[in-house]
Structures are given as C-alpha cells and as structure tokens.
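Take any residue in the sequence shown, note its place counting from 1, add 17, and you have its number in our numbering.
Note that CB positions come from ideal geometry on N, CA and C, so glycine has one too.
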Amino acid sequence: MSDPPTQQSQTAWWETAVVYQVYIRSFADGDGDGLGDLVGLRKRLPYLASLGVDALWINPWYPSPMADAGYDVADYRDIEPAFGTLAQAEELIDDIHASGMKVLLDIVPNHTSSQHLWFQAALAGDETARARYIFRPGQGSDGELPPNDWHSVFGGPAWTRVTTAEGTPGDWYLHLFAPGQPDLDWSHREVVDEFEDVLRFWFDRGIDGFRIDVAHGLSKADGLPDAGLREVGSLHTEPHPAWDQEGVHEIYRGWRRVADSYDPPRIFVAEAWVPSNERLAKYLRSDELHTAFQFDLLRAPWRASSMRDVIDDAVAAADSVGAASTWVLSNHDVVRHATRYARSQPPHLVESAWDRSRWGVESPDLELGTRRARAAALLTLALPGVGYLYQGEELALYEVEDIPSALRQDPTWVQSGYTDPGRDGCRVPLPWSGEEPPFDFSPSGASAQPWLPQPAEWASLTQQAQEKDPTSTLSLYRSALRLRGELWEGLTAPQWIESRDDVLAFRRGAVECWMNTGPDELPLPTRQVLLASQPLTDSGALPADTAVWLVSA
Ligand code: NOJ
C-alpha cells in the first residue's frame, strides 16, 4: 500500500471516537469465579489499547442483586463485590487513561434495584422514601387491579403490589422492567439532586462520561394515563405515556451543567429509543446531551437501500442540531449481527425480539452471516461520527442460540412466559485462547465454569487463534481501526456514488467505501485498494457480501 491520504480533523474526541463496549461480566475473569471482573479487565487492557479503540464503555459495575445483570443498582457509589472494589476501580480508571483510552461508565437513572436503601425504606413505610418512587393505589373494588395498563418491557404487567406492614395487600409500584427495578419519580427534587451528586462522584474519579440507560424513560406523562393498544415494547416506535416525555429535557440540561463544570468537560451518550430521529435530535440540543445511540443501522436488514435510507436519515437528524452521529451493529441487548445477517432478511427494520422469534425456525448460515458482518464493520467504521463496537464482534462471535433453558439468566425468559429466549445468547463470555472452554476466560485451574457456557466451536475464534491469521476478523478490525484514524474525515457527510440498487457506495473526503449486498460481483473502478473485507476477484471485482475502501479518483 502506498501513501494513503490523511485527514485533518478539528473535531472533539467524542465526536469521532471508536468506543469499545466492555460487558464486564463476560469480558475476562480475574479471580476464577466464572464471572468477568475488574482484575480481568485490567489484565486485558493491553489488548484493547493495541486494538486501536479510543474509549471503553463499561456496563454497570455497581453493587447489584443482578435481577437484570447489574441494571438493578443497589448503590451508585460503589463496586459490586463480585467485580472488585472501589480502590480497584480507581486504579483501573487511571490505567485506562495511561493506556491512551477514555472511559465511559453506565448510569441507570430510570430505576434502582429493589434492594436499594431508598426502596427498602419505602417498603418499610417511610413516606419520604416512598415519594421517590411511583406507588399508586390499584383499581377495582379492593385495589386488586394495576393502576394502569402499562406492560413491562420484559413482559407481563409493569406494576407489582406490595404488602403493608399489617400484612394486607397495599399499593402498587411501577417497574417498566423487572419487578426488582422500581422506577424512580423524577418529579421529586431529591431524585434529581441525588443523581447529579452521583455524576460528580464518578467525574471526580476521572471518568470521561456516561452512557445513560433508558434515557427516554425518566419522565412519565402526568396522571399516568392508560396506553391503550400501544405496547411498551423496547423500540417505542409509537408515542407512549411512559416514554420520551418533555420533562426529560430539563433533567439533561441540569446534567449538562454538571458535566460542563469539569475541565475537560465530561460527556454523555443517551440510550434513547424514541419514535423518530427528529425526537432523538431533541436530546442532542447544545445544552443537553452530546450524543445518542442511533439504533436504526442495527435494525436494518442486509439490503443496500435500507441501509442507505437509515444512514441519510441519521446523518441529517444529527446534523440538524450540530451533533455527531453514532453507529452501532451489536450490543448486549440484541442478537449478534453475525447471526442477524445469517438468516433470510426481512423487508423492514427489525426489532430484536422479532429476530429472536426466528430461533429454531430458520437455521443460520453463519459463514454468510460472518462474511456480511465483516463487510458491515468496514461500512460503519467509514461513516461520520462515533462507532460503537460490542466486545467479541472483532472476533466474529455469533449468537449462542442453544443455551440450555435451565442456565438462562435474562429476566426476559421468565417474564415473557418462556416465549422469548432473551439476551443471554449475545452475552456469552469471550474466548481468549486455548482449545476448549473456558478458553482462558477464567485463569487456569479455576474451579467455576463461565457464567454462561461457551460453544466448543469457538476454539477457532479465540483472540490468540486470530492474532496469527492475517485473514481473521480480528486482523481486519485491527487494519480498519488503524486506517480509520488516518483516512476518514471526522464528520464529513457521505456523498453517494451512483451504482446498482444492491450496492452502497460513498465518498468521504479522499476515500470511498463500496459495499455489495447483492449476489452478483460488481466491477470496481481501477483505484488503489486500502482494505477489503474479502479478497477481490481476479479481475478486481467486488464479490457478493463484501466491502472495500478505495482511494478516491
Ligand atoms: C437498557 C439496557 O441496555 C438493558 O440491558 C437493560 O435491561 C434495560 N436498559 C433496563 O435497565
């Protein structure tokens, strides 16, 4: 390869970063209990730094009864003992910075754990504590019916009735997720103050920002009206009184003031499932949040036209408020994309639960899915803005669909009445090296098994196996991450290049990305090839399900 063009960028780090999502319980186990932890993550920092990512986002690491894998927080100012200690966390933050990376934590403000001191006090009858949650009397002659018709995202009613100190049935409390995750009442000033203080607690320890869990859920419509036929499903493509209410914006204006009071200012990325990109852009106004996950690419089928529409819409919406776009293919809540792309592709954007419903119905062609996943990686890393990588996608890990029911841990499985297998399949511990499970996820001699079983077939996908192979997916990601910083101009919008309907081709600055989602090879212009997800044909054509980066004419 000769002298690729270089980019001149004036952007802030968080506008063009590649952020690697560390799902801590499945990343690396340092103490041999089968659960990932801080010691394990610290040991693997050299791997992450050498991969070429700019920042880590670490999923919740706080004390938790694990009703929802840590998204049920019992104490926002400490570390779950199974993961480590606060002192270890402080050392880890320093080490991440010393390795040249930033660190984002995950804050969970919509709900606490039912074991949180506040909720325990509320259950014990403390009126001040009760007012911080959403308790309501039930409907019906004896209050035996829930206060409204809302459903939990995980299935079943969003309300649970408590028992009074006298042992009689009492009021109901709202939980949009599991019963172990009571929703907070954000119209209460103490809730607002508490979370601003939690932000400061971690900012004071040097973290660079937060990913905000369920950022669209904090305010509920006045009077908690019935939702009618509208489902409280995870995508929220319809307006719903539980989601995306105007009140959330005032909360984030307060958070922004806290973040801006630090030098350098700290940043936020919102997990906000809202009905449109116009609604999403409201979270990104200059006095609110910095970025928000744009999930449509993750929902798009493997089809050039769908992906192009999604990209155009996302870029235009972010641009309308001067924000950077974000690109996500996988995370800990959705079917891994190597498996999503391994089945027949729907005509519309999918919901992950829809995808999970096809398990056992249509077997995946994982060779095809992996081929497409590699191409999709080159697409997303060529787009303007922030790229999020979910741990293991750089190893081409696929969804583990045959986890025995008895080992499933995601509350979705039980709350859906055993109809939705849930999200465990994308959360299986990483394979690092060796020929058989636990693939060095736990230290040698560990007595405990990984918290979810790893497939024996992952022997060929371990980090160690892929390091040696220049054609591996890990090698592809390493090359793409190295070249991305050198080649692609930060926020320049894609300029589309006319091509076949099943081809996505665009120029940004001095580089082009071409992706062929169709079955027929595509002749390419004769140009310097910078990187390709598969070898081109002998005549230099782009094969099916392949992407390439070329120097522009
Ligand atoms: C979104 C998180 O990503 C998911 O894992 C969690 O179950 C819900 N929010 C509830 O906190």
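For this session: Say yes only if the C-beta of His133 is nearer than 7 angstroms to one or more non-hydrogen atoms of ligand 2, and no if none qualify.
Result: For the structure depicted, ligand 2 is absent and the ligand set comprises only ligand 1.
Exercise. Quick one, are the C-beta atoms of Trp513 and Gly526 less than 8 angstroms apart?
Worked result: Residue numbering aside, residue 513 sits at position 496 when the sequence shown is read from its first letter. Residue numbering aside, residue 526 sits at position 509 when the sequence shown is read from its first letter. For Trp513 and Gly526, no; Cβs fall outside 8 angstroms.
Problem set entry | Assigned secondary structure, Gly160 (DSSP; H/G/I helix, E/B strand, else coil) | One-based indexing of the sequence shown puts residue 160 at position 143. It is coil, neither helix nor strand.
For this session: Take Val286 and list the residues in its own chain whose beta-carbon comes closer than 6 angstroms to its own, dropping the five residues that flank it on each side.
Result: Counting from 1 along the sequence shown, the entry for residue 286 is found at position 269. In the same chain as Val286, and ignoring 5 residues on each side of it, the C-beta atoms closer than 6 angstroms to its own belong to Arg228 and Thr308, in chain order.
Problem set entry | Counted within 10 angstroms of its Cβ, other Cβ atoms place Trp601 as buried (16 or more) or exposed | Because the chain here runs from 18 to 570, residue 601 falls outside it and cannot be looked at.
Exercise. Which residues bound the alpha helix (DSSP H) around Ile113?
Worked result: The residue you call residue 113 lines up with position 96 of the sequence shown. Leu103 to Ala115 is the extent of the alpha helix (DSSP H) around Ile113.
For this session: Run through the stretch 110-152 for me and flag every whole beta strand (DSSP E) of 3 or more residues, listed as ranges in chain order.
Result: 119-124
For this session: Rank Ala317, Pro363, Arg360 and Asp329 by C-alpha distance to the C-alpha of Leu400 and give the top, closest one.
Result: Here residue 400 corresponds to residue number 383 of the sequence shown, with the count starting at 1. Here the closest residue by C-alpha is Asp329.
For this session: Run the CB neighbour count on Tyr435, radius 10 Å, all protein chains shown included, and call it buried at 16 or more, exposed below.
Result: As a working note, residue 435 is residue 418 in the sequence shown. Tyr435 comes out exposed.
Exercise. Ends of the beta strand (DSSP E) at Gly404?
Worked result: One-based indexing of the sequence shown puts residue 404 at position 387. Val403 to Tyr407 is the span of the beta strand (DSSP E), which, as asked, contains Gly404.
Exercise. If you follow the alpha helix (DSSP H) that Met532 is part of, which residue opens it and which one closes it?
Worked result: The count along the sequence shown starts at 1 and reaches residue 532 at position 515. Where Met532 is concerned, there is no enclosing alpha helix (DSSP H), although the beta strand (DSSP E) it sits in stretches over Val528 to Asn533.
Exercise. According to DSSP, what are the bridge partners of Arg270?
Worked result: Position 253 of the sequence shown, counted from the start, is the residue given in the question as residue 270. In DSSP, Arg270 forms no bridge with anything.
Problem set entry | Gly442, DSSP secondary structure in three states | Translated into the one-based positions of the sequence shown, residue 442 becomes position 425. Residue state, collapsed to three classes: helix.
Exercise. Is it true that the CB of Phe456 sits closer than 8 angstroms to the CB of Gln471?
Worked result: Position 454 of the sequence shown, counting from 1, holds the residue named residue 471. Position 439 of the sequence shown, counting from 1, holds the residue named residue 456. Yes, the Cβ-Cβ distance between Gln471 and Phe456 is below 8 angstroms.
Problem set entry | Start-to-end residues for the alpha helix (DSSP H) that takes in Asp214 | Against the sequence shown, residue 214 aligns to sequence position 197. Here the alpha helix (DSSP H) through Asp214 covers Arg206 to Phe220.
For this session: Using only the heavy atoms of ligand 1, determine whether one of them is closer than 7 angstroms to the beta carbon of His349.
Result: On the sequence shown, position 332 is the one that residue 349 refers to. It does: the Cβ of His349 is within 7 angstroms (strictly closer) of some heavy atom of ligand 1.
Exercise. Since Arg405 contacts Val39 with CB under 8 angstroms, what's their CB separation in whole angstroms?
Worked result: Counted from its first residue, the sequence shown places residue 405 at position 388. Counted from its first residue, the sequence shown places residue 39 at position 22. A small fix is needed here, since residue 405 is Tyr in this sequence, not Arg. 12 angstroms between Cβ atoms; not a contact.
Problem set entry | Residue span of the alpha helix (DSSP H) that contains Asp188, given as start and end | Translated into the one-based positions of the sequence shown, residue 188 becomes position 171. Where Asp188 is concerned, there is no enclosing alpha helix (DSSP H), although the beta strand (DSSP E) it sits in stretches over Pro186 to Leu191.
For this session: Using only the heavy atoms of ligand 1, determine whether one of them is closer than 7 angstroms to the beta carbon of Asp200.
Result: Start at 1 with the first residue of the sequence shown, and residue 200 comes out as number 183. No, the beta carbon of Asp200 sits no closer than 7 angstroms to any heavy atom of ligand 1.
For this session: Give the straight-line distance between the Cα atoms of Pro22 and Ser361, rounded to the nearest whole angstrom.
Result: As a position in the sequence shown, residue 22 is number 5, starting the count at 1. As a position in the sequence shown, residue 361 is number 344, starting the count at 1. With a pLDDT of only 48 at Pro22, under 50, the local geometry of the prediction cannot be trusted, and the value read off the model is given with reservation. If you draw a straight line from the Cα of Pro22 to the Cα of Ser361, it comes to about 38 angstroms.
Problem set entry | Inside the stretch 30-112 only - beta strand (DSSP E) runs reaching at least 3 residues | 35-39 and 72-75
For this session: Assign Trp30 to one of two classes, buried (16 or more other C-beta atoms within 10 Å of its C-beta) or exposed (fewer than that).
Result: In the sequence shown, the residue the question calls residue 30 occupies position 13. The residue in question, Trp30, is exposed, as its Cβ has fewer than 16 Cβ neighbours within 10 Å.
Exercise. In this structure, does DSSP put Thr563 in helix, strand or coil?
Worked result: In the sequence shown, the residue the question calls residue 563 occupies position 546. It is a strand residue.
Exercise. Span of the alpha helix (DSSP H) holding Thr356?
Worked result: Here residue 356 corresponds to residue number 339 of the sequence shown, with the count starting at 1. Its alpha helix (DSSP H) spans residues His354 to Arg357.
Problem set entry | Proximity winner among Ser450, Arg178 and Ser496, relative to Thr479 (alpha-carbon distances) | In the sequence shown, residue 479 corresponds to position 462, counting from 1. The residue with the shortest Cα to Cα distance from Thr479 is Ser450.
For this session: Return yes when the C-beta of Glu288 is under 7 angstroms from any heavy atom of ligand 1, and no when it is not.
Result: Numbered from its first residue, the sequence shown carries residue 288 at position 271. True, at least one ligand heavy atom lies under 7 angstroms from that Cβ.
Exercise. Under 8 angstroms between the Cβ atoms of Leu314 and Trp344?
Worked result: The residue you call residue 314 lines up with position 297 of the sequence shown. The residue you call residue 344 lines up with position 327 of the sequence shown. The answer is yes: Cβ separation under 8 angstroms.
Problem set entry | Same chain, Cβ closer than 7 angstroms to Gly142, five either side skipped, listed in chain order | Start at 1 with the first residue of the sequence shown, and residue 142 comes out as number 125. Within the same chain, Gly142 has close Cβ partners Ala182.
Problem set entry | For Gly502, the three-state DSSP class (helix, strand or coil) | Stepping through the sequence shown from its first residue, residue 502 is reached at position 485. If DSSP states are grouped into helix, strand and coil, Gly502 belongs with the helices.
Problem set entry | C-beta contact flag for Thr534 and Asp562 at 8 angstroms | Within the sequence shown, numbered from 1, the residue matching residue 534 stands at position 517. Within the sequence shown, numbered from 1, the residue matching residue 562 stands at position 545. In this structure, Asp562 lies closer than 8 angstroms to Thr534 by Cβ.
For this session: Identify, in the order they occur along the chain, each residue of the same chain with its Cβ nearer than 6 angstroms to the Cβ of Ala138, setting aside the five sequence neighbours on each side.
Result: The residue you call residue 138 lines up with position 121 of the sequence shown. Ala146.
For this session: Specify the secondary structure class of Thr387 as computed by DSSP and reduced to three states.
Result: Indexing the sequence shown from 1 puts residue 387 at position 370. Helix, per DSSP.
Problem set entry | Residue burial classification, Gln24 (beta-carbon count within 10 angstroms, cutoff 16) | For this step, residue 24 is matched to residue 7 along the sequence shown. Unreliable placement is indicated for Gln24, whose pLDDT of 46 sits below 50; no coordinate value is reported for it.
For this session: Report yes if the C-beta distance between Ala331 and Ser322 is below 8 angstroms; otherwise report no.
Result: Mapped onto the sequence shown, residue 331 falls at position 314. Mapped onto the sequence shown, residue 322 falls at position 305. Not in contact: Ala331 and Ser322 (Cβ atoms no closer than 8 angstroms).
Exercise. Touching or not, the stretch 165-179 and the stretch 94-112, by the rule of three or more beta carbon pairs under 8 angstroms?
Worked result: no
Exercise. Does the pairing of the stretch 153-164 with the stretch 120-127 give three or more beta-carbon distances under 8 angstroms?
Worked result: no
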